[in-house]
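Residue numbers (my numbering), protein chains in the order written: chain A, 15 to 279; chain B, 10 to 283; chain C, 31 to 297. Scroll down for the structure; my scribbles are underneath it.
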Amino acid sequence: MKPPVWKRRTSAQSLLAWFSWLLLVAVAVYCWKAMNENTIWEFVKDSPRQIAEIGGRMFPPKWDYFPTLLKPLWDTINIATLGTALGVLLAIPVSYLAARNVTPSLWVLRPIAMFLIVASRSINSVIWALLLVSILGPGLLAGILAIALRSVGFVAKLIYESIEEVDPRQMEAIAATGAGNGQILTYAVVPQILPSFAGISVFRWDINIRESAVLGLVGAGGIGLQLEASMNNLAWSQVSLILLAIFSLVGLSEWVSAKIRHAII
Amino acid sequence: MLEIEKLSKKYPTGDLALTDVSLSVPAGQLVGLIGPSGAGKSTLIRCVNRLVEPSSGSIRLNGEDLTRFGKRRLREARRRIGMIFQEHALMERLTVMENVLSGRLGYVGFWKSFFRRFPGQSVAEAFKILDRVGLGAFPNKRADALSGGQRQRVGIARALLQNPDLLLVDEPTASLDPKTSRQIMRLICELCAERGLSAIVNIHDVPLAQAYLPRIVGLKAGRIVYDGPAQGLTPEVLTRIYGEEDWAKTERSEDEEGAGEQETLKVEKVLEAS
Amino acid sequence: MSEATYPTTWTKPKLIPSPVKRYGLYVLIAVYLALAVRDIEFDWGRMTVGLERGWAFLSGFFHPDIRSRWDEIVIGMKESLTMTVVASVAGILISVPFGLGAAKNISHPLVYYFCRTVIAFSRSFQEVIIAILFVAMFGFGPFAGFLTIVVATIGFLGKLIAEAIEDIDPAQVEAIRATGASWGQTFNYGVQPQIMPRFVGLCMYRLDINFRESAVVGIVGAGGIGATLNTAIERYEFDVAAGILLLIIAIVIVLEYASAFVRKRAQ
Numbered sequence: 015m016k017p018p019v020w021k022r023r024t025s026a027q028s029l030l031a032w033f034s035w036l037l038l039v040a041v042a043v044y045c046w047k048a049m050n051e052n053t054i055w056e057f058v059k060d061s062p063r064q065i066a067e068i069g070g071r072m073f074p075p076k077w078d079y080f081p082t083l084l085k086p087l088w089d090t091i092n093i094a095t096l097g098t099a100l101g102v103l104l105a106i107p108v109s110y111l112a113a114r115n116v117t118p119s120l121w122v123l124r125p126i127a128m129f130l131i132v133a134s135r136s137i138n139s140v141i142w143a144l145l146l147v148s149i150l151g152p153g154l155l156a157g158i159l160a161i162a163l164r165s166v167g168f169v170a171k172l173i174y175e176s177i178e179e180v181d182p183r184q185m186e187a188i189a190a191t192g193a194g195n196g197q198i199l200t201y202a203v204v205p206q207i208l209p210s211f212a213g214i215s216v217f218r219w220d221i222n223i224r225e226s227a228v229l230g231l232v233g234a235g236g237i238g239l240q241l242e243a244s245m246n247n248l249a250w251s252q253v254s255l256i257l258l259a260i261f262s263l264v265g266l267s268e269w270v271s272a273k274i275r276h277a278i279i
Numbered sequence: 010m011l012e013i014e015k016l017s018k019k020y021p022t023g024d025l026a027l028t029d030v031s032l033s034v035p036a037g038q039l040v041g042l043i044g045p046s047g048a049g050k051s052t053l054i055r056c057v058n059r060l061v062e063p064s065s066g067s068i069r070l071n072g073e074d075l076t077r078f079g080k081r082r083l084r085e086a087r088r089r090i091g092m093i094f095q096e097h098a099l100m101e102r103l104t105v106m107e108n109v110l111s112g113r114l115g116y117v118g119f120w121k122s123f124f125r126r127f128p129g130q131s132v133a134e135a136f137k138i139l140d141r142v143g144l145g146a147f148p149n150k151r152a153d154a155l156s157g158g159q160r161q162r163v164g165i166a167r168a169l170l171q172n173p174d175l176l177l178v179d180e181p182t183a184s185l186d187p188k189t190s191r192q193i194m195r196l197i198c199e200l201c202a203e204r205g206l207s208a209i210v211n212i213h214d215v216p217l218a219q220a221y222l223p224r225i226v227g228l229k230a231g232r233i234v235y236d237g238p239a240q241g242l243t244p245e246v247l248t249r250i251y252g253e254e255d256w257a258k259t260e261r262s263e264d265e266e267g268a269g270e271q272e273t274l275k276v277e278k279v280l281e282a283s
Numbered sequence: 031m032s033e034a035t036y037p038t039t040w041t042k043p044k045l046i047p048s049p050v051k052r053y054g055l056y057v058l059i060a061v062y063l064a065l066a067v068r069d070i071e072f073d074w075g076r077m078t079v080g081l082e083r084g085w086a087f088l089s090g091f092f093h094p095d096i097r098s099r100w101d102e103i104v105i106g107m108k109e110s111l112t113m114t115v116v117a118s119v120a121g122i123l124i125s126v127p128f129g130l131g132a133a134k135n136i137s138h139p140l141v142y143y144f145c146r147t148v149i150a151f152s153r154s155f156q157e158v159i160i161a162i163l164f165v166a167m168f169g170f171g172p173f174a175g176f177l178t179i180v181v182a183t184i185g186f187l188g189k190l191i192a193e194a195i196e197d198i199d200p201a202q203v204e205a206i207r208a209t210g211a212s213w214g215q216t217f218n219y220g221v222q223p224q225i226m227p228r229f230v231g232l233c234m235y236r237l238d239i240n241f242r243e244s245a246v247v248g249i250v251g252a253g254g255i256g257a258t259l260n261t262a263i264e265r266y267e268f269d270v271a272a273g274i275l276l277l278i279i280a281i282v283i284v285l286e287y288a289s290a291f292v293r294k295r296a297q
């Protein structure tokens, strides 16, 4: 009789595990092949030289270009701020419809709200901007709306989740006084979600600063316009300055957002 | 004044919470409702103001059958029924005054209540009641800054501001220490006597119930198994209600933990949303 | 005691008690909004055209068209999906060492600062910016997109893996170390089991995000469905654009369900 051997998995399980790993590797290799069907490897081989050249031309950044960037930076902040504000405003009714415990219609309006949320989240703000530039023409407005449309889903999802987590006894207590649905909402639900609501909005604003910096690439205003123009002119010393400006702006907004969220909690 | 007749509640899960409960409470009477966890005490109390919809039976308040009311009339009826909750169920982030004034929400329109414009008479009444429950000094304090006993006093003030005919009291002393529990029970009894209110007090602490409530109704598995004076709660009766147990000891059960601190943003949630 | 002894009005204490500061804040917000809104140029003539096109786009959602550009869509989707898979696998493999290095409780200080810097850089730039730089360096096509997504994945996963490791229960690690285990064994027995469910979850989130990014890098020439979408929008073929967007949304929903399923299994 053989002594018992301890194994973490039964042989069938370990076979399955090995097979899954093998499958994953096979899929990855196949995808690599398929993806690179049209890749021109000459360019890739040439890239170290390209990187060195671009890198060399990026330094030093063209500092006297900076004053030109002030207005685009201001625009970028405005796109993010106004876009976030609009997005949050739109997200309020959507999250009301989507929250299971307060929605006026579980089988009709809630699924619609859920679809709006997933649609908004699935589509990158750059794609939204591309569409809106084509619809409204280039400019800040397209950028603001793009940021707003992208933010709705994110904000609404987090708000409706926090609505679903409210203490139901507070809602009961208000209902027991003979209050109407609107009053239950404003007295029992709103005060409970207000801190997370503020936190979510500020958090999204921080993300939106980062996103609005690129919308100019598709014509939707902000510092991305300068980036696009400088890249087209191969003015790499301007590009490096713009990247530095974006880097600083993003760092600043992250700091502000962390400060505000800390103050709220 | 309150007549409950053959009330039954069956939850969608199939659980029979109440079976043919009949109970009559004359004006000015205090009734203690005791029974083990899951006996249907909470369900019974919530059926009266239809926070839980009864499946069958009737509930008459001053002769009118509440179970037949539509939304509007139900809201009007709820204004006459004050409710005091287990662990107070205050709006933690609102001030004491807003919590008390919320007792008048049934009388005030949406926008007036939204901008906190309550009639002067209600405001004066709220100050008076706050004084009566011993909280006259803190109308502007936030509810979450108060102690457990103080919060329950705010809950009592909210119910009283409704100027109700009937009080429904659901485990008023859960999670309070013994001394505060007695203070709160005494306060409820005094206020009911002052205003001639009747009340149904759902309570798990048998000695406390016996000390303050003249009439006791025992509930077991959704049926009334005892209805009589507090003195009649002999060990035999208690065994009938709770099952075999050493009655020298007092039981403490039912969930005692409050709502946990809510975190504003969790990484996983943000990721899922992004 | 008479009613008159009690006040008949009550106002809620303000969040900012000082009226000067409160109204100052209101004014500040109003001025900012005025300045910001002033800079938006409203071109009403353009708006009427916009309304028409906006309507064309919206109605496109109700009769999306994926037939007429089917071949291009297939090519774009294939690029996007393959890019997603390869970049996710590579990104996850590379982000693990970065995540370990960026966890304060198990890493050497020098390694820690190096890893944190790399992560901070990769997180600061939106993927589209990284994509244009890579297109300039490596040429057009999905290879540049692949690199972009790998870099973005490193920043994202590196940071979150590091945080997951920093959150672990140190007692379990000590218990393993007390048996005389080496660093590798300590990690394998004390750390890995604690972060594994979280790690699997994070990888699944990233797969989903990577697909969405693969759909956008094409706009700047880095391959994927974004290029097809860009062309459709430039031609004002809004029903094709709507079709592509619906496809993207459908794939995202599928990925979300898959990720929820895997995360449940990993618990």
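For each residue, glycine too, the CB sits at the ideal point set by N, CA and C.
CB of residue i within 7 Å of CB of residue j, strictly
{"i": "B/Ile9", "j": "B/Pro173", "result": "Since the first and last residues shown for chain B are 10 and 283, residue 9 of chain B lies out of range."}
{"i": "B/Val109", "j": "B/Leu200", "result": "no"}
{"i": "A/Ala193", "j": "A/Thr90", "result": "no"}
{"i": "A/Leu111", "j": "A/Ala162", "result": "no"}
{"i": "C/Thr178", "j": "C/Glu157", "result": "yes"}
{"i": "C/Ala280", "j": "C/Phe91", "result": "no"}
{"i": "A/Val147", "j": "A/Val204", "result": "no"}
{"i": "B/Glu14", "j": "B/Gly66", "result": "yes"}
{"i": "A/Ser136", "j": "C/Val282", "result": "yes"}
{"i": "A/Leu229", "j": "A/Ala143", "result": "yes"}
{"i": "A/Leu123", "j": "A/Val108", "result": "no"}
{"i": "C/Val116", "j": "A/Met49", "result": "yes"}
{"i": "A/Ile98", "j": "A/Trp219", "result": "The residue you asked about is not Ile; residue 98 of chain A is Thr in the sequence shown. Contact flag set, yes."}
Other residues of its chain near residue i: CB distance less than 6 Å, five sequence neighbours each side excluded
{"i": "A/Ile188", "result": "Ile198, Tyr201, Ala202"}
{"i": "A/Leu172", "result": "Ile214"}
{"i": "C/Arg99", "result": "Val270"}
{"i": "C/Gln202", "result": "Gly220"}
{"i": "C/Ala194", "result": "Ile225, Arg228"}
Contacts around residue i, its chain only, beta-carbon distance under 7 Å, and the 5 residues preceding and following it disregarded
{"i": "B/Asp236", "result": "Val226"}
{"i": "A/Ala113", "result": "Tyr174, Ile177, Glu178"}
{"i": "A/Gln252", "result": "Lys76, Tyr79, Ser244"}
{"i": "C/Met234", "result": "Ser289, Val292, Arg293"}
{"i": "B/Arg261", "result": "Residue confidence is low: B/Arg261 scores 43 on pLDDT, short of 50, so the model does not pin down where it sits. Its coordinate-derived value is still stated next. There are no such residues."}
{"i": "A/Leu87", "result": "Ile237, Ala259, Leu263"}
Bridge-paired residues (DSSP) for residue i
{"i": "B/Pro216", "result": "Answer by DSSP bridge pairing: none, since B/Pro216 is not bridged."}
{"i": "B/Pro238", "result": "B/Arg224"}
{"i": "C/Val148", "result": "DSSP, once it has assigned bridges, lists no residue as partnering C/Val148."}
{"i": "B/Arg232", "result": "B/Lys229"}
{"i": "B/Thr104", "result": "B/Arg151"}
Near the ligand SAH: residue i beta-carbon under 6 Å from a heavy atom
{"i": "C/Ala211", "result": "This structure lacks the ligand SAH, and indeed carries no ligand of any kind."}
Other residues of its chain near residue i: CB distance less than 8 Å, five sequence neighbours each side excluded
{"i": "C/Gln259", "result": "It is worth fixing the name first, because residue 259 of chain C is Leu in this sequence and not Gln. So the list reads Gly106, Ala245, Gly248, Ile249, Ala271, Ile274, Leu275, once near-sequence residues are dropped."}
{"i": "C/Thr114", "result": "Ile179, Leu237, Asn240, Phe241, Ser244"}
**Interface residues of the segment 150-172 of chain A facing chain B [CB-CB below 9 Å]** = Gly167, Phe168, Val169, Ala170, Lys171, Leu172
Please list the residues of the segment 24-45 of chain A that have a C-beta atom closer than 7 Å to any C-beta atom in chain C, keeping them in chain order. Val41, Ala42, Cys45
Query raised in the report: Quick one, which residues of the segment 81-112 of chain C are near chain A if we go by CB-CB under 8 Å, in chain order?
Result: Arg83, Gly84, Phe87, Lys108, Glu109, Leu111, Thr112
Item to complete: Jot down the residue ranges of each uninterrupted beta strand (DSSP E) in the segment 193-261 of chain A, minimum 3 residues, whole runs only, in chain order.
Response: none
Requested in this report: Identify each residue in the segment 60-74 of chain A for which the Cβ-Cβ distance to at least one residue of chain C is less than 7 Å, and report them in chain order.
Outcome: Ser61, Gln64, Ile65, Ile68
Report the residues of the segment 178-199 of chain A with a CB closer than 8 Å to any CB of chain B, ordered along the chain.
Glu179, Asp181, Arg183, Gln184, Glu186, Ala187, Ile188, Ala189, Ala190, Thr191, Gly192, Ala193, Gly194, Gly196, Gln197
Check your understanding: According to a CB-to-CB cut-off of less than 7 Å, which residues of the segment 159-186 of chain B neighbour chain A?
Key -> Gln171
Report task. Please specify which runs of the alpha helix (DSSP H), each continuous and at least 4 residues long, are wholly inside the segment 36-69 of chain A, giving them in chain order. Result -> none
- Message: At 3 residues or longer, what runs of the beta strand (DSSP E) sit wholly inside the segment 160-207 of chain B?
- Response: 175-179
Contact list for the segment 38-56 of chain C against chain B, Cβ threshold 9 Å:
Thr38, Thr39, Trp40, Thr41, Lys42, Pro43
Notebook entry, point to check: Going along the chain, which residues of the segment 190-212 of chain C sit with their C-beta nearer than 8 Å to a C-beta in chain B?
Noted result: Leu190, Glu193
What residues in the segment 76-88 of chain B have a beta carbon less than 8 Å from any beta carbon of chain C? none
Only counting runs of 3 or more residues, tell me where the beta strand (DSSP E) segments fall wholly within the segment 100-154 of chain C, in order along the chain.
none
Exercise for review: Please list the residues of the segment 263-279 of chain C that have a C-beta atom closer than 8 Å to any C-beta atom in chain B, keeping them in chain order.
Suggested key: none
Sequence ranges, alpha helix (DSSP H) only - wholly within the segment 56-94 of chain B, length at least 4 = 80-88
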